[in-house]
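Let me begin by presenting the structure, written as structure tokens, before commenting on it.
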Amino acid sequence: MDLPPLVDHHCHGVLRYEPAPGTFAAYLTESDRPPAAGTTFFDTQTGFAVRRWCPPLLDLPAHCPPGDYLDRRRALGPDETRRRLLGATGIGAYLLDTGLPGDLTGPAETARAAGGTGYEVVRLEALAERTAIGARDAEEFTDALGTAIEDAARTAVAFKSVAAYRHGLALDPLPPPPHEVHRAVRDWMAAGLPRLADPVLLRHLVWQAVATGRPLQLHTGFGDPDLRLDHADPALLTDLVKATADTGTDLVLLHCYPYHRQAAYLASVFPHVYADVGLALTHTGPRATAVLAEFLELAPFAKLLFSTDAYGLPELYLVGSVLFRTALAAVLGDWTATGAWSAADARRVGAMIAADNARRVYGLDAATAAP
Amino acid sequence: MDLPPLVDHHCHGVLRYEPAPGTFAAYLTESDRPPAAGTTFFDTQTGFAVRRWCPPLLDLPAHCPPGDYLDRRRALGPDETRRRLLGATGIGAYLLDTGLPGDLTGPAETARAAGGTGYEVVRLEALAERTAIGARDAEEFTDALGTAIEDAARTAVAFKSVAAYRHGLALDPLPPPPHEVHRAVRDWMAAGLPRLADPVLLRHLVWQAVATGRPLQLHTGFGDPDLRLDHADPALLTDLVKATADTGTDLVLLHCYPYHRQAAYLASVFPHVYADVGLALTHTGPRATAVLAEFLELAPFAKLLFSTDAYGLPELYLVGSVLFRTALAAVLGDWTATGAWSAADARRVGAMIAADNARRVYGLDAATAAP
Amino acid sequence: MDLPPLVDHHCHGVLRYEPAPGTFAAYLTESDRPPAAGTTFFDTQTGFAVRRWCPPLLDLPAHCPPGDYLDRRRALGPDETRRRLLGATGIGAYLLDTGLPGDLTGPAETARAAGGTGYEVVRLEALAERTAIGARDAEEFTDALGTAIEDAARTAVAFKSVAAYRHGLALDPLPPPPHEVHRAVRDWMAAGLPRLADPVLLRHLVWQAVATGRPLQLHTGFGDPDLRLDHADPALLTDLVKATADTGTDLVLLHCYPYHRQAAYLASVFPHVYADVGLALTHTGPRATAVLAEFLELAPFAKLLFSTDAYGLPELYLVGSVLFRTALAAVLGDWTATGAWSAADARRVGAMIAADNARRVYGLDAATAAP
Chain S
1 MDLPPLVDHH
11 CHGVLRYEPA
21 PGTFAAYLTE
31 SDRPPAAGTT
41 FFDTQTGFAV
51 RRWCPPLLDL
61 PAHCPPGDYL
71 DRRRALGPDE
81 TRRRLLGATG
91 IGAYLLDTGL
101 PGDLTGPAET
111 ARAAGGTGYE
121 VVRLEALAER
131 TAIGARDAEE
141 FTDALGTAIE
151 DAARTAVAFK
161 SVAAYRHGLA
171 LDPLPPPPHE
181 VHRAVRDWMA
191 AGLPRLADPV
201 LLRHLVWQAV
211 ATGRPLQLHT
221 GFGDPDLRLD
231 HADPALLTDL
241 VKATADTGTD
251 LVLLHCYPYH
261 RQAAYLASVF
271 PHVYADVGLA
281 LTHTGPRATA
291 VLAEFLELAP
301 FAKLLFSTDA
311 YGLPELYLVG
321 SVLFRTALAA
331 VLGDWTATGA
341 WSAADARRVG
351 AMIAADNARR
361 VYGLDAATAA
371 P
Chain Z
1 MDLPPLVDHH
11 CHGVLRYEPA
21 PGTFAAYLTE
31 SDRPPAAGTT
41 FFDTQTGFAV
51 RRWCPPLLDL
61 PAHCPPGDYL
71 DRRRALGPDE
81 TRRRLLGATG
91 IGAYLLDTGL
101 PGDLTGPAET
111 ARAAGGTGYE
121 VVRLEALAER
131 TAIGARDAEE
141 FTDALGTAIE
151 DAARTAVAFK
161 SVAAYRHGLA
171 LDPLPPPPHE
181 VHRAVRDWMA
191 AGLPRLADPV
201 LLRHLVWQAV
211 ATGRPLQLHT
221 GFGDPDLRLD
231 HADPALLTDL
241 VKATADTGTD
251 LVLLHCYPYH
261 RQAAYLASVF
271 PHVYADVGLA
281 LTHTGPRATA
291 VLAEFLELAP
301 FAKLLFSTDA
311 YGLPELYLVG
321 SVLFRTALAA
331 VLGDWTATGA
341 WSAADARRVG
351 AMIAADNARR
361 VYGLDAATAA
371 P
Chain B
1 MDLPPLVDHH
11 CHGVLRYEPA
21 PGTFAAYLTE
31 SDRPPAAGTT
41 FFDTQTGFAV
51 RRWCPPLLDL
61 PAHCPPGDYL
71 DRRRALGPDE
81 TRRRLLGATG
91 IGAYLLDTGL
101 PGDLTGPAET
111 ARAAGGTGYE
121 VVRLEALAER
131 TAIGARDAEE
141 FTDALGTAIE
151 DAARTAVAFK
161 SVAAYRHGLA
171 LDPLPPPPHE
181 VHRAVRDWMA
191 AGLPRLADPV
201 LLRHLVWQAV
211 ATGRPLQLHT
221 GFGDPDLRLD
231 HADPALLTDL
241 VKATADTGTD
251 LVLLHCYPYH
261 RQAAYLASVF
271 PHVYADVGLA
281 LTHTGPRATA
291 VLAEFLELAP
301 FAKLLFSTDA
311 YGLPELYLVG
321 SVLFRTALAA
331 VLGDWTATGA
341 WSAADARRVG
351 AMIAADNARR
361 VYGLDAATAA
371 P
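Residue numbers (the UniProt record's numbering), protein chains in the order written: chain S, 1 to 371; chain Z, 1 to 371; chain B, 1 to 371.
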């Protein structure tokens, strides 16, 4: 299917160094634990998809054993591996969440491997945790946070909330009043600034970000076991969605699986809500076609965005983009073949999901590329 | 697939007048808000399905631009448009919910366009709201309501509850005692009769309807954003389903999407529970096949009913019926082709879902046609 | 598809006698009530699958009328029917839950019909109810229960909890302290030992079983209407899953439908969690392919187990195993045909799900066959 350069509207940096085999395998799964005895993370759809699509780009046959692949990868080195894999993704713009730890490539550095453009997405909780380190009291923190968010809004193209991981999505929908925020900050500081998980602070971050007018990405659906899956159902955001309906700020629901039909519903009835196929395609291999088709039941075609959610491994960029292209071609091709859709509409909708919707939502034509 | 005249067991009137383009588009979605900037409600599965199936009936090519279609529609006028579109649906019986506002065709008027028969479904909340206008106190209201429901039961073929919209489906399952009902009515009257949303009154309506023995249709699953999707999961009705199991009254779960597997489960274990494909097919275009197939995993074949849930536009009748026929033929045809089902069984089940189940559940052969 | 002898890791005995037609039909459904007037349990995917696959093994044409099939079955008698049907399943090992009432075949007796091996799975609630009958007080009961569970762990290959039926899966995740257990036992005894449904006792059973190190099977998802479907979502087990993560004991989520994607997620992020296709395939007929494919989106291939959950009728063993083989061949065959998977990987994964995973999890090569 003929598509414009993809806009990967939610992704992460990749490792600058060559990972050990166990580290490589750990990036194939959302688990944060070792594999069960007698099993390997390569025996998953993600592992099989990596073995299907990546070895040929490293001069090996598809489906070669993991050991052969890792040997060859090591021989090429991380830079050449990244260059080859990212160069084959067809991604032209990377909206990169810079809030994850590790020795990872930044937005421009990631994009450079294939001549694309990098933009920054600022993760709210990480920004707040960094800001808190220097603050002497709650007032100073909230002031500094306000400034930090305003500053970020000048160059970043979006914010991101991981409230799903820290508390779950059943948040009180309204902005917390200042005295509640201050009390929560004092408690957080008194506790020695553990990972930010107080629902009052999470809501404060969401509303501060919404106030900037930049689109707000919200993690929903599956992820690592830090979250409880049933607490990450995007339908739980309904009251927050209603409360933000008149702010002029767009909300983008990330991943959503296995609640992607719920996310598509929200995108269908609320003008400012968008949804994302992200992780849901990368981790489901040949089932990406079926999952994308489920998204496209209720999601208006102007409301669905492409992302890889790649993290750590350039392989995940390659797999995420190939599975997306393959799934999109299969789904729209099938609907065109039966006459349900016209070929012209299929081409138009393909371009919308691949790039046009994201360019419009994030204002990419006027946005600041990240350094 | 050769089917008897369809029984559309849950639908609404269509506009008697020619809608403006924006009004027309608004009927293609469950949203009650304007489309997001830069988007149109035509870029949805419903919009594409209308453009696929309706233009040829108005002498235009399939997939013609929306503007061309609306021009042609205006030239033909609402009566001729309705005649052509409804005439192509193959629907023989319309069970029409008369509780929606607007200048809409009534049951007989709708059915007449294609020589069918119209029946009335009475929406409980609307009936209660009408009844309350003249009542002087709670006792007078509950007496008048009881009479109104009994009267309706004489001619209407079913009742319908939209408790999902007004409160959500997690209702206390038991009938509220009279003093609670009276207190709730007094509060409602004191508040100036706002939209009826008190859970005590919603339950009272449900149980009054159940007492008549007429089937009770319950909205479940997606709809306009008045409802919270996760509060409309039909599984939340389980305790009410158990409480009504020995009343002799059937419950029909409408739409159900994306919780249609949950609805099918309820229909499979409770003799008095039925489920409906309704809105779930109309709004999913070429995915109607997949959605119907999911219904048919657990739903006993004698427990699934056809409806379009069409509202406002005759296009939605046409699309709802065509998608149903197409999906049914595809699903049953596939199962017959692989030998999983016999051709005779497929024909029999097709007729059951299309018409026979509804004729039996609503007693249509003995029912009063609506004027 | 070439598979090793299947390991049916969760099943039940079959009737030793010839059931009356109504009894036979009642085993085709999870409903515990009569069919709705004018309907039959044969008009379900399970009924159609029985009529598709079983008649040829009894010398009748596929899809013959139910009456013909039941006549022929009666003529052959229960032993010959069982021999023919079980002999065609390809099941080599039966892990049989012995906690259901009725004149049912035991593990060895069931397995013998086709030369397989039977193993016992002990149902915790049934064990507790049996143990309570003789106990004079709470202390004596808990001591006797502890001994009974330890004894069972010596010969049984697994335990099973039906907490989903008795209370729902939203259990407090931690082991209840002894004084709470004793109080709950005293209350239960004082009430005359009704069906065990106290959440404290259900948790006590779970933790006692976990302490033995034997895998613990947990019913999740649909079943008879004793349970509330939404209270059986395996995601509700997340906190218990986390609490048991370091015990060294494996948890196996049974059936899971329609929450099988949630179960697959849990299996993908927690090393000690496994999932089971069970009932979800037996009851969905030609849709077993789609349901299995949904499982295989997130479930690591070493974490999915085969079962029939057959109960009462040897037909359910036949249908469960044929639908599994057919679905597996269709899904993996499709993925191999498109090049997404290699043929060698497909064969390997097929054997894992069919038998190897269960042999490893239950330690079958060293396990004690049941008498």
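Beta carbons are placed, not taken as given, at the ideal position from N, Cα and C, and that holds for glycine.
Small disclaimer: the values here were computed from a predicted structure and weren't measured.
Where residue i sits in the DSSP three-state scheme
i	result
residue 40 of chain B	coil
residue 275 of chain Z	strand
residue 109 of chain B	helix
residue 224 of chain Z	coil
residue 116 of chain Z	coil
residue 9 of chain Z	strand
residue 361 of chain Z	helix
residue 96 of chain S	strand
residue 123 of chain S	strand
residue 305 of chain Z	strand
residue 48 of chain B	helix
residue 312 of chain Z	strand
residue 321 of chain Z	helix
residue 15 of chain B	strand
residue 342 of chain S	coil
residue 161 of chain S	strand
Chain Z within 8 Å of residue i, Cβ atoms only
i	result
residue 229 of chain B	yes
residue 262 of chain S	yes
residue 225 of chain B	yes
residue 233 of chain S	yes
Residue closest to residue i, alpha-carbon to alpha-carbon, out of the options
i	options	result
residue 9 of chain Z	Z:319, Z:366 and Z:353	Z:353
residue 264 of chain Z	Z:284, Z:238, Z:211 and Z:248	Z:238
residue 256 of chain S	S:145, S:273 and S:249	S:273
residue 359 of chain Z	Z:341, Z:119 and Z:198	Z:119
residue 90 of chain S	S:125, S:5 and S:45	S:5
residue 139 of chain Z	Z:95, Z:223 and Z:187	Z:187
residue 270 of chain Z	Z:72, Z:193, Z:289 and Z:241	Z:241
C-beta neighbour in chain B for residue i, strict 8 Å
i	result
residue 52 of chain S	yes
residue 219 of chain S	no
residue 9 of chain Z	no
residue 324 of chain S	no
residue 236 of chain Z	yes
residue 255 of chain S	no
residue 159 of chain S	no
residue 63 of chain S	yes
Any C-beta of chain S under 8 Å from that of residue i
i	result
residue 362 of chain B	no
residue 4 of chain B	no
residue 338 of chain B	yes
residue 345 of chain B	yes
residue 167 of chain Z	no
residue 321 of chain B	no
Beta-bridge partners of residue i, as assigned by DSSP
i	result
residue 255 of chain B	B:220
Any non-hydrogen atom of the ligand COA within 7 Å of residue i CB
i	result
residue 337 of chain S	Judged by which ligands are present, the structure shown has none, so any question about the ligand COA falls away.
Closer than 7 Å at the beta carbon, the chain A residues around residue i
i	result
residue 341 of chain B	Of the protein chains in the structure, S, Z and B, none is chain A.
Residues within the segment 22-48 of chain S neighbouring chain B, beta-carbon criterion of under 7 Å: Residues 29, 30, 31, 33, 34, 35, 36, 38, 39, 43, 44, 45 and 48.
Interfacial residues, the segment 280-309 of chain B to chain Z, with Cβ spacing under 8 Å: Within the segment 280-309 of chain B, the residues whose Cβ lies closer than 8 Å to some Cβ of chain Z are 283, 284, 285, 286, 287, 290 and 291, listed in chain order.
Residues of the segment 268-280 of chain Z whose Cβ lies closer than 9 Å to any Cβ of chain B, in chain order: Closer than 9 Å at the C-beta level to chain B, one finds these residues of the segment 268-280 of chain Z: 268, 269, 270, 271, 272, 273 and 274.
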